[in-house]
Structure formats: structure tokens, C-alpha cells
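Peer 1: First the structure, which I've put down as C-alpha cells, then a few questions once you've had a look.
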Amino acid sequence: MSSSVAVVVPTYRPELGALLALITTLQTAGHPVLVTDDGSPAIFDPVLRAVADLGVTVIRHESNDGIARGLNEGLGFAVDSGATWLLTVDQDSALPPGYVDSLLPWAVSGVGVVAAEHINDASGSIGYPSRLVDGQVTTEEVIQTGSLWSVEHMQVVAGFDESLGIDAVDAAACLRLREQGLKVVLAPDVSLTHHLGNARQVRIFGKTMLATGHSAARRTTMVRNRLKLAPAEFRQSPLHAFRTLRRVAVNVALAALVEEDRLAKAKAGLRGLLPGSKR
């Protein structure tokens, strides 16, 4: 079954050891791998040459235009490879042995994407709101790293939305799949390790919350892109849309209260409320 899965690893300023370890794990499992680099400076040439020396196809871009472009290149790579599923993996994720095989039993008809049930980060274990539907653990959206996307269905929904750049690209893809009547499924008891920004857990008013530590510039696009998706999200699932906007508001508030560069991040979050704002 491994030949039915192709892999794309988008990179930007990759760390050699982590990237080689990830690719070695994937190649050992027999999966064809594409690396798409989003404008890393020339100082990272040795890293990308080392990746190419492993027999991996590497696409390099001169500009950083966001992860969606690389994910769509991965989708094309999967089509050319004859794969029916595309695994998308961030450069700073670590997959346990047999990871893809643990997802494949859930990659069935009517499913648009399969993801790990838990994401382990330095801040702790992160999960998704979920419910059991026809024997499958389903949710509304998953982060793209470590997720297995149906090549056929992603082509139907026109791939990943490059207008979003980096933030909410995975959420938009999940939304499009759900609009087609497809499920977003979690593989029970499966986990991966991923570095989520500079995330850390903080306690506010007796509650444990996640401060993501994203930059001020990212705060603008995070707010703007979520607002862009909100109308369609409310049509699909009002509860999920409400939870999402609440999470965005909490993240902006935490950035303004407990993170570094608090004022800059607060202003950036407010700029995201302005239509068409870029930064």
C-alpha cells in the first residue's frame, strides 16, 4: 500500500539533521518524496544538496510565497507518481515508524483527509474536538503536517488556496472537502511530534491556555485569513466557526498579554480586521 502514497515536505531555512531524519524515515517506508523550498537563502544550499543526494526531487523557489504553493506542487507530484494519497509534512515534524501505515486504514471512500489524533509539542499534547460518525472519529479541520489528503478529492476542490499564503491553508482545504460532503477523519491513538511556532502553555485565571508565539506579521494574516473563511465556515458548522473565531481572539489576547513584542502583536492582530490588509 505504500506505493499509493506520495509525500511533500515544504521547507524554508531547514535544519539539516531534522530534515534528513524525516526524509530517511519516509524513504525507508518506500514513499516517493518531493521537497519544495520557499526561497531559502544561499546559505542553505548545502542542506538542499544533501537532500537531493538522497534521491529526493527538490524544487527551489526564489521567493517566499507561502506554503500553499509547495503543497500544490506536492499534489501535482502525487498525480505524476500515480499516488492516490498525498502526505504533507512540515520540515520540523517527526513521524514515528509506521506512521503512514497507521493512517491508511482510515483512508477510505468518503474521506477527504486523515490526520493523527494527537500532536505532541514542547507545550504538551494538542487534540481536536471530535465526534464518532459511522465508526470514524471525525473533526472539522486538521493542521496540514502529518495529514494524508485524497489526491482525487483535492483536485476536485482545486487544491490548496495559494491566496492565503501560509495561515489557514489547511483549514480552507478541510472546509472545501467538507463542502463536498467528505469527512475529515482522525486516526485513533496516532500521534506525531511537531514544533508549533514558539508555543508554550500559560495559565490565565486558573485555566491552561496555549500561547503560540507567532510573529507580529503572522498575527495579521492569521486574523485576516480566518475572517475570510468565516462566512463559509458558519454555513458548514456554526459551532466550529464560533470556536475558531473564539480561538483567534484568545490567541491575539494572549499575544498582547504574555508574549514578547506585545504591543506590536496587538496592533498586528487589529490590522487583520481591515479588509485586504497584508501585514
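First residue of the sequence shown? That's 1 in the UniProt record's numbering, and the numbers climb one at a time after it. Backbone N, C-alpha and C define an ideal beta-carbon position, used for all residues, glycine too.
1. What number of angstroms, rounded off, separates the C-alpha of Val9 from the C-alpha of Arg60?
2. Between Ser163, Leu34 and Ile67, which lies nearest to Asp53 when the distance is taken from Cα to Cα?
3. Starting from Gln236, trace the beta strand (DSSP E) in both directions and tell me its first and last residue.
4. Can you name, in chain order, every residue of its own chain whose Cβ lies under 8 Å from the Cβ of Arg243, other than the five neighbours on each side?
5. Return the CA-CA distance between Val250 and Asp80, expressed in angstroms with no decimal places.
6. Looking only at C-alpha atoms, which of Glu179, Lys183, Val5 and Gly269 sits nearest to Phe77?
7. Return helix, strand or coil for Ala168, following the three-state DSSP convention.
8. Between the segment 175-188 and the segment 132-147, do at least 3 Cβ pairs fall closer than 8 Å?
9. Exposed or buried, what is Ser147 when buried is set at 16 or more other beta-carbons lying within 10 Å of its beta-carbon?
10. Determine, using beta carbons only, whether Arg246 and Asp167 come nearer to each other than 8 Å.
11. Taking the CB atoms as reference points, tell me whether Asn64 and Tyr12 lie closer together than 8 Å.
12. Measure the alpha-carbon distance for Gly82 versus Thr88 and round it to whole angstroms.
13. From the DSSP output, read off the bridge partner residues of Gln136.
14. Residues in the same chain with beta-carbon distance under 6 Å from His118, minus the five sequence neighbours each way, listed in chain order, please.
15. For Arg49, is the classification buried or exposed, using 16 other Cβ atoms within 10 angstroms of its Cβ as the cut-off for buried?
16. Specify, as a first and last residue, the run of the alpha helix (DSSP H) that His153 falls within.
17. Quick one: grab the DSSP three-state call for His61.
18. Helix, strand or coil for Glu117, going by three-state DSSP, please let me know.
19. Could you tell me whether the Cβ atoms of Val113 and Leu177 are closer together than 8 Å?
20. Quick one, which of Asp261, His153, Cys174 and Gly70 has its alpha-carbon nearest Val142's?
21. Pick out the complete alpha helix (DSSP H) segments inside the UniProt domain "Glycosyltransferase 2-like" (7-117), 4 residues or longer, and give them in chain order.
22. Could you spell out where the beta strand (DSSP E) holding Leu270 opens and where it closes?
23. Less than 8 Å between the CB atoms is what I'm expecting for Val47 and Pro14, so what's the real figure, rounded?
24. Out of curiosity, what's the CA-to-CA distance linking Glu162 and Val248?
Peer 2: Straight from the coordinates:
1. 12 Å
2. Leu34
3. Where Gln236 is concerned, there is no enclosing beta strand (DSSP E), although the alpha helix (DSSP H) it sits in stretches over Ala216 to Gln236.
4. Pro129
5. 42 Å
6. Val5
7. coil
8. yes
9. buried
10. no
11. yes
12. 16 Å
13. Val133
14. Ser125, Gly127 and Ser191
15. exposed
16. Val151 to Val156
17. strand
18. strand
19. yes
20. Cys174
21. 16-28, 45-53, 67-81 and 99-103
22. Note, Leu270: premise wrong, no beta strand (DSSP E); alpha helix (DSSP H) at Arg262 to Arg271.
23. 5 Å
24. 21 Å
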